[in-house]
Every structure is written in C-alpha cells, then in structure tokens.
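Top to bottom, those sequences are chains C, X, G and S.
With the first letter of the first sequence counted as 1, position 373 gets the number 373 in full-length UniProt numbering; the numbers rise by one all the way through.
With the first letter of the second sequence counted as 1, position 89 gets the number 89 in full-length UniProt numbering; the numbers rise by one all the way through.
With the first letter of the third sequence counted as 1, position 24 gets the number 24 in full-length UniProt numbering; the numbers rise by one all the way through.
With the first letter of the fourth sequence counted as 1, position 211 gets the number 211 in full-length UniProt numbering; the numbers rise by one all the way through.
In what follows, a single structure is set out as structure tokens and then discussed.
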Amino acid sequence: MTDTPPLSLKVPQPECRPGDTPDFSGIEIPAAGTVRRPAVDEQAEAMRDLAFTIIRVMDDEGAAQGDWAGSLTDDEIAQGLRDMMTLRIYDNRMMTAQRQGKTSFYMQHLGEEAISCAFQRALQKGDMNFPTYRQAGLLIASGYPMETMMCQVFSNEADPLHGRQLPVMYSSKEHGYFTISGNLATQYIQAVGWSMASAIKGDTKIAASWIGDGSTSENDFHAALVFASTYTAPVVLNVVNNQWAISTFQGIARGGAHTFASRGHGFGIPSLRVDGNDYLAVHAVAKWAVERARRNLGPTLIEHVTYRAGGHSTSDDPSAYRPKSESEAWPLGDPIDRVKKYLIGKGVWTEERHKQAEAEITDRVIECQKRAEAIGTLNSGHVPSPRDMFEDVYAEMPPHLVRQRHEVGY
Amino acid sequence: MTDTPPLSLKVPQPECRPGDTPDFSGIEIPAAGTVRRPAVDEQAEAMRDLAFTIIRVMDDEGAAQGDWAGSLTDDEIAQGLRDMMTLRIYDNRMMTAQRQGKTSFYMQHLGEEAISCAFQRALQKGDMNFPTYRQAGLLIASGYPMETMMCQVFSNEADPLHGRQLPVMYSSKEHGYFTISGNLATQYIQAVGWSMASAIKGDTKIAASWIGDGSTSENDFHAALVFASTYTAPVVLNVVNNQWAISTFQGIARGGAHTFASRGHGFGIPSLRVDGNDYLAVHAVAKWAVERARRNLGPTLIEHVTYRAGGHSTSDDPSAYRPKSESEAWPLGDPIDRVKKYLIGKGVWTEERHKQAEAEITDRVIECQKRAEAIGTLNSGHVPSPRDMFEDVYAEMPPHLVRQRHEVGY
Amino acid sequence: MTQMTMIAAIQNAHDLAMARDENVVVFGEDVGYFGGVFRCTAGLQQKYGSSRCFDAPISELGIVGAGIGMAAYGLKPVVEVQFADYMYPAYDQIVSEAARLRYRSGGEFTCPIVVRMPTGGGIWGGQTHSQSPEALFTHVAGLKTVIPSNPQDAKGLLLAAIADPDPVIFLEPKRLYNGPFDGHHDRPVRPWKTHPLGEVDPGYYEVPLGKAAVVRAGQELSIVTYGTMVHVAIAAAEETGIDAEVIDLRTLIPLDTETVMASVQKTGRCLVLHEATLTSGFGAELAAQIQAECFYHLEAPVLRVAGWDTPYPHAQEWAYFPGPDRVGRNMLKLMEA
Amino acid sequence: MTQMTMIAAIQNAHDLAMARDENVVVFGEDVGYFGGVFRCTAGLQQKYGSSRCFDAPISELGIVGAGIGMAAYGLKPVVEVQFADYMYPAYDQIVSEAARLRYRSGGEFTCPIVVRMPTGGGIWGGQTHSQSPEALFTHVAGLKTVIPSNPQDAKGLLLAAIADPDPVIFLEPKRLYNGPFDGHHDRPVRPWKTHPLGEVDPGYYEVPLGKAAVVRAGQELSIVTYGTMVHVAIAAAEETGIDAEVIDLRTLIPLDTETVMASVQKTGRCLVLHEATLTSGFGAELAAQIQAECFYHLEAPVLRVAGWDTPYPHAQEWAYFPGPDRVGRNMLKLMEA
Ligand SMILES: Cc1ncc(C[n+]2csc(CCOP(=O)(O)OP(=O)(O)O)c2C)c(N)n1
Ligand SMILES: Cc1ncc(C[n+]2csc(CCOP(=O)(O)OP(=O)(O)O)c2C)c(N)n1
Ligand SMILES: [Mg+2]
Ligand SMILES: [Mg+2]
C-alpha cells in the first residue's frame, strides 16, 4: 500500500474567533414543548433520542409548552426569578469588589443562573450537591446566608473556611453543598460514592453531581459513569455545557460526538439534553431525574445547554479568543429575561415589579456586603489567623504541626 | 416525601458461581453471515446496531458466510491456523516451564488465540500495536523469533529486556509490539498519541491499541476515547472481552451497558462487536478498521467477544470463583477447532495433516526451548548481571547511579 | 492467643470492624466473592452481604473516589488497591481530596477512609508488583501512613486506622504476608507460626497510630526502619554481632520522633533502612530529622541503605533488595566511621 | 541580549526549538489559539500551524499519555500542565510510563517528553494553584527534574530539556514569571528588566542539566535552594548581613552534588530552603546527602526551612510562604549554633 496518501491531524476549530461574525446556526433548537417526556422507569435504550435534542418549555412568546411544563406554580417561578436575580446581583457586586482589591479572585455565573437555581428547587433537604465553582445558585436557592458567602469570598474572620480556600469555593453540609475542589472533576465520582452510601444505608437521600463541558474529559467523569452504571447509583449527573472551557471551545472536549449527553449511552444511563437557559425546563428535567434516583431507578445524565456570557474568571479576558458579540448571538436567550417575560405573559409580574424586585434585592445584597466588609476583607487585614492554618489538617493536631505552629508564634 | 421507600445498593452478580450450572443463554448470538458490512466511510451514527450484535463469519458447519467473508485466502487461513496452534503449544510449554520453576510467572491465551493472531495479519509493517499481556499472537503472527520470547520469559542472558521485566512483558519495536506495562490500560492512550504523531508527520502508519474488558474502567481508556474522537486519530481501539477480569465477571466493568462496544457511541466512534473465536471474522473486522484508520477516517472501536478458558495467570485458580465446566459451555467454541473444521470442510486440510502440523510445531517449539534453556532460566543462575539493573534508567548514567553500581561491585 | 498469618490477621481485623460498626464497608478489585487476590477479605461478602463487601471495577480512582464520597456521607470505607504499584491512578483523589476535605471545608466534611495496599518486593514481582511508594504519601499533609511488620501489629494497626477520623494509607508488606522474611531468600521459608508475633490476640484491640516499637534493644547502633526491613535489620544485627537497636516505626506519619531520637542519642550511630528507591525516600526525611535532633550525639553521619535508584528489576531482584548482607556491610562501615 | 520576562524567555525557547526541529510539538489546555493561560506558548499555533501546537481536552492523563505515545513514535512533545497542582491525574503516566519506557524495553522505546508546569505560590492561588510537587518527581527513577529561577536560565534549561533524550519535568515558578520576587510581597513589584538575568541571549543556547549555579558567593553559610526561593535567599543574605553563599540548584535530578558539597564543606553551615511542604520535601534529600558528605565539616546541623506541613492556604499565604524574615531568622539561628 505504498500508494496510501499521507495521514494528517484533524484539530477541531470553533465556528468563529475574534473578528469573525458569531454563528450558532449549527445548534439545532427544537421548538419549546416538542420533546416528549418519558416515564421515569423507561429503559435507557428507549430514550436515546433525548440526548440529541433540547428539552425546552418556554417558547419565544414566553408561554410554557408541552409535556415538561407544569412542574412549578407561578409563585414558585417568581421565586425562581428572584433567585436568579439575586445571584446576578451578587455576582456583580463581587466582581466589583474583586476589582477593588477586596479579594483576590472571583467567578461569576452570567447567563447560567437558571441551571443551579432551578435544580436546587427539585431537591429535598438532606440531598447533597457536588458542585463546581459555577453553581452558587444552589446555595442561593437553598437559603444559605449570603453574608456568609461574602465572608468566604473576602476570606475574613467570619469565613467558615477560615480563609483557607480560594474565593467561591464554598462548603455547606447543611445546605447540601459539598466543599468545592480546585481540581476539576474530582467531585463527580465522589457524588456517586456518596449516593451509593445512601443506598447501602437504606437511606432516601440522593446526590447530584456537577461538571463543566471541558471537564468531562477528566478521569473522574469516566469513573463516575462506570460506578453509577455498575451500582445503579441514586445520583443525578449534570454536565453544564456553557460552550467554553476558559479559551477552549466545547468541540475539543466533545470531539466527534454530537452531544455531551450521549456520553451516557455507552453506560446504559438515561441521558437528557435540556435548554439550560429555560428555568422551567431545567426544573422539570431535574425533577424527573431526581425522582428516578429517589425511586432507586439509578442515575440520569443531564446536559444543560447554555452559554458562559462572562469571562471564565476575574483572571480571564474572553475577547482574546472569541468574538465580543458572541454572547448576544447566543440563541437560547437570557435566563432571567425569559422567566420575566413568562411571568409578565401570565399576568403575575410587571416591568414595574421587576424593577422594584431588582432594587430590593440590590439593597439586601448591599446590606449583606456592608456587614461582611465590616468584618473584614482580604486587603483589610482582618483575615483568619495563621493559627487557623494549622487546624483541621487532622482531627487532632500531631506534634510536628504543633511545633510548626509554635514556630509561627501561636 | 417521607413515604419514599429506602434505597438499596444493587451489585451485579454473574449468572453462576462454583457449584452452579454454567449458563450463557443471556448472550445473543446471531447466525454467521447475518450482520451487514458497512462502507468504511459510513457515519458512526448509521451503524450503532453493530455494537449490539456479533459479527460472525464461520457457521456451525465451518462454512464462511456473509459480507464479512472473503478477506483471506485458504492458504492465509491455514497459516492463521498454524499461528494459533503455535501460540497454544508455546503457552503449554511455558506453563509447564513455570511449574518447573524455570521462571516466576506466566500468562496464557487459551481460547483467545484467534484475536491477536488474526489481527496482526491485517496490519502492515511499521504499524504499532500497544498490547496487553494477552496478545502474544501479535508477535507469533509477525514472525518474531520464538526463542527470543522464551529468553524473555526465562529472564536469561539473551533476554533483550535484560531480565528487568516480568515474563510475557515482551517488547519489539521492529515487530510493531510496544513494550508491555504491568499497569493496566496505560498503553491505550499512548497508542492514540502514537497514531496522532503519525498523522502529524504525514506518515501512513497506524496504531492498534488493546485492553481487556475489566480494564476499560481505567482512566486511560476514557482519555483514549476522548483524544481519538477529538483528533480523529488513526487508531484501532480493541477491547478483548474474555468475560473475566481475574475473579471479577465482566458485568462489574460493563454495568448497565449492554456491550463494551457501545462505549464508543458517546464519542461518535464507529463501534463493532465481533466473534473473537472466529479467526475469519476477527480478520475481516480488523481489516475494515485498519482501512478506516489508514484512510484518515479515524478510530474504530472493536469489542472481541471471547472467553478466558484458562486461569488469569499461573498465580490464579479460577475454580474458586467460577464453575469448572464454564469454559466448555462457552457458546462460541474453540478458535482452533473452528478454523480446522473450516479448512477440512473446504478440502484443504485433514485430521491427518492437523496432527502432523501439531507435531511439527511442537518439535519446533521444543527445539527453541532447548536453545533458550541452554542460555539460561531464572532458576539456573544464568540471568543478566546486576550491572544491567543500572543501565537504561537514563540514556546516560548519571553520577549517582554510577556510584550505586560501584556499591554492588560493578 | 491465636496463630495467624498476616493475611489472617488483616482479614480478622476487617471482620471485627464490620461486626462492631455497620458503617464499615469494604470493596476493591476482586475483594468481594473471591476475597482478594491475597485473600485479606476472604469470607466477608459471604458474612456481611454484598452491599457491605463487593467487587469494584478496575478503577483505582473510582474505588478511592467513591470511597471518599462514602466517607463524606458518614460511612467508614476500607478499600483495597490490589498492589501499591497501582495506586497512581487514584493519587489525585488521595492527595487533592482525601487529604484535604477536612481542611478545605473547615472541618465540615471529613474523610475517614482507609486505603489498604500490598507493598514491597521480594516476590519476583518485577517493577509493577514490588514498589514501596510510602514517601509519596508522607509528603502529603493530611494523610497518615502506616506499615506493619507482623500479624499482631497488622491487626491492631488496621483496627486503629479504621477507628481513626482521618484518611489512613495502610501499606502491607506482601513479602511478610505468610512469614517473617528476613531477606535470606535462599533459605527455607519461615511461617508466622514460628514467630512470637504470629500469636495474635483474637479479640478487638488497637495498636495506636504514631507509636514506634523498639523490636530489638541495643547500645551500639540504631537501625530505624519499617515493614519487611525490620526482619532484615534484626537478621543483620544477629549476623554481624553488632549490638544494634532496631526500631520498627509502624507509623511513618505521624512519626514517633521521641522513640527514634532517644535511641540515636543513646547509640550515637544510625542506619536508616528501607526498600524503596533511595533518593527522596522516607529515609531522607528520617536522616534529615535525625541529624538535626541528634547532631551533637552522632559519631558518624546517618547512613541510608535502600533500594537503588532504578525500577525494581525482575531477574536482579536480590541485587536490588537491601538484604542482610548489604545491611550488615553498612553497619560495619558505620561502626568504623 | 534582549530584555525578556521569564514568560517571554520560555515562549522564545519553544519558538526556537520548533523552528530547529520539526519533530517538536506543543500542546496542552489553552495552549493553542490562546497561547496558554500564562502566555508561554503565545503565537506558536499561528506560526507553526495547528498540527504542531494545539489545544488539548482537559485531561492531564491524556496530554501526557498521548505525549508519551508521540515520543515513542519519535516526536519531541513539549506539553503543558496548566498548574503543577493538576499533574496528579497524569502522575501514573509520568511515573509508571514516561520514567520507565527506556528501562523496561531494554532501550528500544524511549520517551523524550518535556512536561512543563507552573509551580509555587505567592499569587493568592490557594491550595490548588500554589503547590510545589518536585519531591514527587525526584523520588522516581528515570525522570529528570528542572526548575529555573530566571529568564536566562529558563530559556537555556528548557532548550536543554527539549534536547534531552529522557523525560524531563520542567517546573516554572509562576511567581517569577514577571519579575525576580524576593518574598517581600508588601513592596512594589520588580520587573525582570531591572535584573541582569532578565537580559537573555536571543539565539539558541542550552544551559546544561545537572549543573547548579552559585548565585551569590559567601563564606559563612550555604543556602541550597531553587526556584523562587533563590531570590528570597539572596534577600535574606543581604538583610541579615550574613555572608551566605546561595546555590541555585537549577536541576534537582541529576543533582550537582559537587557544587553543593564544595560550598558546605567550605562554609560549615547549611540551610536548605524550599517552598514545598517540609516533610519528605526535596530538602530532606538534600539534608540527608549533605550531612553524609559534609559530616566532618559541619559546625551545626543542616537546617531546613520550607512550607509548613499544611495545604497552601489562601488568606494566610504570607504566613505559609517561607519569606526573607523566616529565612533570616533561621540563618541567625544557624550562625549561633
Ligand atoms: C485538574 C484540573 N486541570 C485544569 C484546571 C484549570 N482549569 C480551571 S477551570 C478550567 C476550565 C473548565 O472548563 P469547564 O469544565 O467547561 O467549566 P466552566 O469553567 O466552563 O464552567 C481549567 C482548564 C483545573 N482547575 N483542574
Ligand atoms: C492499574 C492496575 N490495576 C490493577 C492491576 C491488577 N490486575 C492485573 S490483571 C487484572 C485483571 C484484568 O482484567 P481484563 O482487563 O479483563 O484483562 P484479562 O486479564 O481478562 O485479559 C488486574 C485487576 C493492574 N495490573 N494494574
Ligand atoms: Mg465550560
Ligand atoms: Mg478480561
């Protein structure tokens, strides 16, 4: 076969780079309400199609459509709107605080608020999330005190993590929010293990795991699919596909597959794809998956299709690698605008009330911030003592750490 | 939801354990020749069904059937029979040698001979296999000197690996056989990288990677699927499902998926399942996948369905965890018997000739063994010098290793 | 007291722990129905059911990672990595996760997992069945690292590890599983029943973590060691006739510096001995601490004897293994210094 | 000579290597179009095309594992792990594979890969953007471990690493990327253009692996260190007024013992300094070797100053970081001993 032509390496490229015109025409978006809702005990094989479509509830006019509609009352939806607005306003304030030097680092949720806010409302007390840094909506929607979140961000003396963790790496056992790791993906398999423990103990709690599109390439993602599949673990496996992993477009992680949801197919795991900017759809799909887990029917994989409208973090400037206007071209819209439109359409919300809610929330956030800043910020000097640096390495401090602590003068 | 019944852990169990009657009725076996052969450039999506069936060529009467038949001439098939017989006889001799204390350890291929022997015949010189310990047929079929294999097994002075590696962990660059690792699965992603290198250089060589059913749970398997999918790497990804991973049945690795082949689906990789005890089928499928890779169409995943008829290694006694008669109940038969029947059916082989071939091969193997043993065995003392222990850690020996070597007296 | 091999003692520790505390769960590759390739978990699935003792997929990451999740839930997972050489795929979960859950969550989530793994060579295992990676754990804050040298300790240390509120790496010198091997590979195998520490208390007891044992008293020289090398050290002492004190560390972190320093300050000479690769082995830490604490007592530099800085070879296994001859030679050298 | 930051020097080394040898390929997370989160590979994809410089999936295992396959094929992959803290998923491939290909194949397959990773703290990175895992590499036979402290060395060492026939772990102290940071975090940032070693030879040159540099001559005390701590050591020497000799190891394995021992034998006092966690850090190996080689020259025990045995904290970063005050205090202590 000396006549074989030479091989060449194929490296996937995004549709557009800075200077190009954004183009999302490759994303097939079915009309809201058109995707069926299978029974929760339907076999994975019978719903393969659901990994290649997008489950959507709210249509362009703001009306709820189809089988997946109706999982929430209008009051609950209004609460969801408030949760998302709170998260966005909180993010704004913290982004500014970081720029002002009050902390070292921050990561926002711009455009992705619906996912974590809606998902949390499908869980029960006692269930455990294993989140990434981009699901603070889980905390907001579960009523975790915002002031405490800020104290963590400011690494001040009231930070429950004693200044040890980077900003946004919250932890709250009580609020079902597992301690965030800076190492991507490690939590994914831990969630599976946690849910297996619940099953071993004959408990009724379930776990929900979270990962970004880019991080699905990690080892832990695979281990989680293997273990969840093998032991029929009561866990919901969420993949948040926000199109980007820092500067890397999702095609590098996805490769030749059409969707991330389809990764579940090789493991016999029911896999759904949902409009991540549609609060109603996310909630409905979450509820469905949570019910599967709770009824011991096993894991569900959910790909949330969304767009990271902001920078990766305060250290990142996305204009270096994608068109500035890409975010506006994103076809699934803004999650807050969409719910607002829905509620206005239903006659239970108005522009007026929205402005008022915005002002109220802003006031509340500012007030929290004042209290948190009064305790301290990273640059104010009111940070946890070096003494705390030596605590919690072990339950009991071993002699060599006591010696080291003495050396620092404590 | 206080009325939720308690969860419980589901742990997959094999159909039978020692004392039970073997039962393979769960394995659906299509008749030979019934599975279609798609064009090599057909889309992965259009051939999902091929991951849930078994491609078979030889029927129970020994005749070749269907689209996949015809990749080999009868002479080539007779050569294949000889390769498999050689491997089996070699294995037998080495198992005995290990029992006699001539080496520390051995791993045989009983029942799996067709896979590596047939696959190698679909490759070209320059292509590179990244095998596990259970594909020595690749070496046999590529004409690697058996005496050298034995020298490796005996860790004697002629062992090209200088006694450093466990028996059966061969290496031959020239024969397209990558150095075996004792750490399962690590080679899987390396094969992908090797094939990417060939593509980067505009070469025409391709790689073939190998893994066992149990080892698909490892991290490297996932990384390989991700990279192969992303870069459309010219690699054939083989999974040898021999039903067991030491004492663990394949259901523990497979979980809720129906087949290992289907793991490729979430990556958009064309995935086939083949009767691993059918030399003709393995060759045909290999040839198809190799052509895909060679034509830069990207990776193919092949699940070879077979049965590990022997113990895992000389350290293992399978009667502790599976029925003794399970091997006889295996529905895909013996790879050697089947080809023999085929050739006899075609009138190009006879029982007589078979016996004669067996005797010839046995003589040749014994002769090799005599020569190898004359050089030395692990217990004869004629093993490589401790001096060799310090070589090849680096290209050039750094001072600290020179010092350590002096300490041993060299 | 009951005669037990180290395998039986470890199996027995699992059994007692599972009987006492139903939060104890045991899993790993081949540990369920079959009871482990070294039989350390034999019979547990049959006795406690397959949701408390089960086979795992071949994913060390998954085994440890799922175990961490279970530990965070409130269980006490005791997981097996089939050989220490195969812990690397799980290393991220051990280092970045198990070791730091308590710290990074301000004590809210903890990780009382025990990760067991057979370690060490001398079994013709070649480079991937012989490694001693303890130094890769001792460098990681948040982990405890334990390595027993006999059945009595193995059982008590494992029970203490299971009771411990923090992650414990439990290294089992596989060459000691069936007998007190002293490095004389050319002599008949000695079974545990010929050794006093093969007599094991059949009930529940703990050998506290962080306490070394002086297994041979001596005045002239201290040998600080652990695992298989404890027996090699004793043999070398007997054979050289040097009145050496042999310290079996048992726990590497936290280290029992008191026992170590008291001995070296008494003898003034110290040999540090392990099977792992010399460079950056745990012996380096020991030597660094000992020279710092005993500087004015030392009559000679601390001498390290260890595996060479090469992978563990197959055919040259006994040239690699720091046996009693090599140890003895170095003891003499140290006495002359 | 050209003014370069360490980032520019590293980028330039890549550029020259790719221009010289078309077997050099560069990949990692965000290294392609964007040129790396620290910009060390900026412009390479634009210049050499996307089959020689490209973005990789977020799989450190995949990056290193594929790199090993490429190296075995005959390419020279230079891969980036985004932070050293994220090397653990690749650790199995590094330890079990890259380090041992040559050995286990009898020299038939080799692995000339360079694995680059930003290391060290002082950037408010918290426990997962600040680690210094060098000791986890120095324990592994078959690896070389390099860590530069300035632009001129960084470029020459990286070119030497790329030319090397064996796997090289190349640790880049990220706190030095933009300037010679001496630990005084409260003082204005100093850029490389104010430092003589920010003047970089624009052409191709190699700084040989395995050779340390005496960056400050002195008579009273030797400070053996590397990376960021080189600058801290110099600052501490200036500030204490102690006539300290500062040795920048540059390569940890193979270690330039000649330069180290000559210095300590001259001064009789030695402080070993690194940012990594103290216990089982590379300082342990240095102290163990130095006490053995310089026993009769030492007037005081070798003293180690290092990061504490805790994860790297966020808010207490400067209490963790072994800055010039802590180093100075220990130098005085050592002089008094
Ligand atoms: C193991 C590991 N590798 C690399 C990184 C560096 N890193 C932090 S975030 C990130 C991108 C993650 O992208 P994605 O998973 O899509 O999540 P997103 O940020 O988009 O929510 C990378 C590469 C890390 N934190 N951990
Ligand atoms: C990383 C790693 N984990 C565990 C082992 C121990 N081990 C050796 S072979 C084996 C079973 C492999 O089963 P499979 O992949 O099905 O291959 P087979 O032996 O059946 O060909 C195990 C667990 C290993 N060698 N490497
Ligand atoms: Mg993303
Ligand atoms: Mg198998």
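For each residue, glycine too, the CB sits at the ideal point set by N, CA and C.
1. Is X/Arg295 close to chain S? Criterion is C-beta to C-beta, closer than 8 Å.
2. Closer than 8 Å between beta carbons: that is the criterion. Which residues of the region 34 to 48 of chain G meet it against chain X?
3. Take S/Thr110 and list the residues in its own chain whose beta-carbon comes closer than 8 Å to its own, dropping the five residues that flank it on each side.
4. CA-CA distance, C/Ile302 and C/Phe260?
5. For C/Lys340, which residues does DSSP report across the bridge?
6. Using a Cβ-Cβ cut-off of 8 Å (strictly less than) and excluding sequence neighbours within five positions of X/Met1, which residues of its own chain qualify?
7. Between S/Asp182 and S/Ala235, is the Cβ-Cβ spacing less than 8 Å?
8. In or out: G/Glu285 buried (at least 16 other Cβ within 10 Å) or exposed?
9. Determine the chain C residues that contact X/Met94 at a beta-carbon separation under 8 Å, and present them in chain order.
10. Rounded to whole angstroms, what's the CA-CA distance from S/Tyr320 to S/Thr277? Just pull it up for me.
11. Does any residue of chain X bring its CB to less than 8 Å from the CB of C/Met1?
12. Sort G/Glu29, G/Gly69, G/Pro311 and G/His129 by Cα distance to C/Lys173 and report the nearest one.
13. In three-state DSSP terms, what is C/Ala78?
14. Is the beta carbon of X/Trp210 within less than 7 Å of some heavy atom of ligand 4?
15. Is it buried or exposed for C/Thr350, if we count other Cβ within 10 angstroms and need 16 for buried?
16. Applying a beta-carbon distance threshold of less than 8 Å, which residues of chain G neighbour C/Arg164?
17. Reducing DSSP to helix, strand and coil, say where C/Lys346 ends up.
18. Please tell me whether S/Gly65 and X/Ile189 are closer than 8 Å, where the distance is taken between their beta carbons.
19. Verify the contact flag: X/Ser215, CB atom, against every heavy atom of ligand 2, threshold strictly below 7 Å.
20. Grouping DSSP H, G and I as helix and E and B as strand, with all else coil, what is S/Asp182?
21. In whole angstroms, what separates the C-alpha of X/Gln152 from that of X/Leu161?
22. Helix, strand or coil, according to DSSP, for S/Val115 in the structure here?
23. Can you list the residues of chain C that S/Ile58 reaches, using a CB-CB cut of under 7 Å?
24. Give the DSSP-derived three-state secondary structure of G/Phe321 in the structure shown.
25. On the DSSP bridge assignment, give the partners of C/Met58 in chain order.
26. Can you give the Cα-Cα distance for G/Gly122 and C/Phe105, rounded to whole angstroms?
27. Among residues of its own chain, excluding the 5 on either side of G/Ser280, which ones have a beta-carbon nearer than 8 Å to its beta-carbon?
28. Please state the DSSP three-state secondary structure of C/Met128.
29. Buried or exposed, going by whether 16 or more other CB atoms sit within 10 Å of the CB of G/Met18?
30. What residue does the alpha helix (DSSP H) around X/Ser209 start on, and which one ends it?
31. Applying a beta-carbon distance threshold of less than 7 Å, which residues of chain X neighbour residue 421 of chain C?
32. State buried or exposed for residue 439 of chain X, treating a residue as buried only when at least 16 other CB atoms are found within 10 Å of its CB.
33. Taking the runs of the alpha helix (DSSP H) that are 4 residues or longer, which of them lie wholly in the region 129 to 197 of chain X?
34. Could you have a look at C/Phe267 and say whether DSSP puts it in helix, strand or coil?
35. Taking the alpha-carbon positions, what's the G/Lys155 to G/Ile253 distance?
36. Measure the Cβ-Cβ separation of X/Asp275 and X/Ala245 and say whether it is below 8 Å.
So, to answer that:
1. no
2. Phe34 and Val37
3. Ala71, Ala72, Leu101, Arg102, Pro165 and Asp166
4. 9 Å
5. Paired residue(s): none; C/Lys340 is not in a bridge.
6. In this predicted model, X/Met1 has a pLDDT of only 47, less than 50, meaning its place in the structure is not dependable enough to derive any value.
7. yes
8. buried
9. Those within 8 Å of X/Met94 in chain C number zero; the least Cβ separation is about 34 Å.
10. 10 Å
11. In this prediction, C/Met1 scores a pLDDT of 47, lower than 50, which makes its location untrustworthy; the coordinate-derived value is nonetheless stated afterwards. It does; some Cβ of chain X falls within 8 Å.
12. G/Gly69
13. helix
14. no
15. exposed
16. Tyr103, Arg104 and Gly106
17. coil
18. yes
19. yes
20. coil
21. 7 Å
22. strand
23. Leu184, Gly214, Ser215, Ser217, Glu218, Ala245 and Ala253
24. coil
25. C/Ala64
26. 51 Å
27. Ala135
28. strand
29. buried
30. Taken as a continuous stretch (DSSP letters only), X/Ser209 belongs to no alpha helix (DSSP H), being part of the beta strand (DSSP E) at Ala207 to Gly212.
31. Absent from the model: residue 421 of chain C. The displayed extent of chain C is 1 to 410, so no value can be given.
32. Residue 439 of chain X falls outside the range modelled here, since chain X spans only 1 to 410, and no answer is possible.
33. 137 to 141 and 146 to 154
34. helix
35. 18 Å
36. no
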